[in-house]
Amino acid sequence: MINQDPVSARYAEALFGLIKPSGRLAEAAQELARVGALIRAHADLPQFLCNPGVEAEDKLGVLERLLGGGWSGDVRAFVRLVLSMGRPEYLVEMADAFQALVDEDAGLLRVTVRSAHPLSAAARERLTRQLERLERRRIEMAEATDPELIGGIQVELDHRVLDGSVKTKLAELRQRLKSVRVH
Amino acid sequence: MPSILQLDLQQILSQALSFLLLVWVLRRFAWRPLLGMLDARRAQIARDLDAASRQRQEMEQLKQLLGRRLEAIDEEARRKIQEAIREGRRIAAEIQEEARAQAQGILSKSKETIELEVAKAKVTLRDELTDMTVGAVERLLRGKLDAKTDQQLVASILDELGSSTQTGSDPVGS
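Heads up: the protein sequence lines correspond to chains A and B, in order.
For the first sequence, the working numbering assigns the number 50 to the initial residue and increments by one for each residue that follows.
For the second sequence, the working numbering assigns the number 192 to the initial residue and increments by one for each residue that follows.
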């Protein structure tokens, strides 16, 4: 579980408890993730949402128009509650925390794999299997290409990093050589 | 013509009487004061001679005293000169010793500084060599490590990960 702000965690757990009986956790997580992505994408939006001079209903209306609808009543009510409680600055973290709760409930672990060159299908499949065996959870993998790594892979899972990149190996080699005592 | 040798007895007698009268007057009124003056003069001369003799003796004594004083002064001067020489030698020795100690201190400090600088230079050299070597390896790998080689590298990492998951060791670093 990613380290979260207690406020965000508390709201996310409340929403999780509300949605779980309906069996719509994945959809709700997706809808809330869209809200989070929207706030991340618009630099002015956080400032607008945090403006105490604007009514919560008006803020909700703006979000609804930007999203083009497409969210369930539960998620809408949740966002409305957050806005009316004056906690809009936590919305992005709440979306992440809710996603983590949903993933945990589904036995799913999201990992990000960085590599200097795109992974082959075989390597991706093999890595997924090995991580599932290691973590005893279903793995959902996101990939990113980063030429700075030079070679190898870097796997981020929860707050841990499995680092097999050439860049890190060279940094470790440099550190080891620099710690050699000279006489 | 009267003879020049013609004697006038009366004149002779009167002159003799006058002479005797003169002698008597002199003897009566001038002889004693004259003798007194002569005695006084004699006594004065004797006193002067005594005084001169005493003064000569005193001069002799003074001369001897001065001689002894001069010898004592010379001795004291020699003693002080010797003391000054000894003190000067002692101070010179102290200055020499102090200078030697200072020189030793400077030398020791210089040696320490040099050793420190050498150690720092070695560390700098080591770090520069490390940066150069690792930098060269990095540049070489960036040029040579193509997608195919990288796939082989990833495969070896997966092998390692697989063996660690089987043995139960934790392959994950923070």
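For each residue, glycine too, the CB sits at the ideal point set by N, CA and C.
As the structure is a computational prediction, the values presented were derived from the model and not from experiment.
So, using beta-carbon positions, are residue i and residue j closer together than 9 Å?
i       : j       : result
D123(A) : A77(A)  : yes
A105(A) : R129(A) : yes
G110(A) : R83(A)  : no
H232(A) : K300(B) : no
G353(B) : R175(A) : yes
L349(B) : Q179(A) : yes
V151(A) : A75(A)  : yes
G200(A) : T340(B) : yes
A10(A)  : T161(A) : The displayed coordinates of chain A run from 50 to 232. Any statement about residue 10(A) would go beyond what the structure contains.
S57(A)  : A146(A) : yes
A310(B) : P167(A) : no
R173(A) : V204(A) : no
K227(A) : T321(B) : yes
G117(A) : E351(B) : no
M134(A) : A61(A)  : no
L157(A) : R182(A) : no
V325(B) : L219(A) : yes
D54(A)  : Y139(A) : yes
R317(B) : V210(A) : no
L98(A)  : L132(A) : yes
L112(A) : L81(A)  : no
K69(A)  : D195(A) : no
Quick one: what's residue i bridged to in DSSP?
i       : result
T161(A) : A191(A), E205(A)
D212(A) : Q203(A)
Spell out whether any CB of chain B is found under 9 Å from the CB atom of residue i.
i       : result
I51(A)  : Confidence at I51(A) is low in this model, with a pLDDT of 49, below 50, so its placement is unreliable and the value that follows should be read with caution. So, not an interface residue.
G200(A) : yes
R223(A) : yes
L219(A) : yes
L150(A) : no
V183(A) : The question names Val, but residue 183(A) is Leu in the sequence shown. Chain B contact via Cβ: present.
Q179(A) : yes
L226(A) : yes
H91(A)  : no
S57(A)  : no
E62(A)  : no
V229(A) : yes
H164(A) : Here the sequence assigns Ser to residue 164(A), which means His is not the residue at that position. Closer than 9 Å: yes.
Is there a Cβ from chain A that is less than 9 Å from the Cβ of residue i?
i       : result
K367(B) : An answer regarding residue 367(B) cannot be provided, because it is not within the stretch 192 to 365 covered by chain B.
E351(B) : yes
I348(B) : yes
T321(B) : yes
L316(B) : yes
L298(B) : no
Q342(B) : yes
T304(B) : no
A292(B) : no
A275(B) : no
L307(B) : no
R333(B) : yes
E329(B) : yes
A338(B) : yes
A284(B) : no
Beta carbons nearer than 9 Å to chain B: which residues of the segment 166-177 of chain A have them? H166, P167, L168, S169, A171, A172, R175, L176
Residues in the segment 69-82 of chain A having any Cβ partner in chain B nearer than 8 Å: none
Residues of the segment 205-219 of chain A in Cβ contact with chain B at a cutoff of 7 Å, in chain order, please. R209, V210, L211, D212, G213, V215, L219
Quick check for students: name the residue ranges of the alpha helix (DSSP H) that lie wholly in the segment 75-151 of chain A, counting only runs of 4 or more. 94-98, 105-116, 122-133
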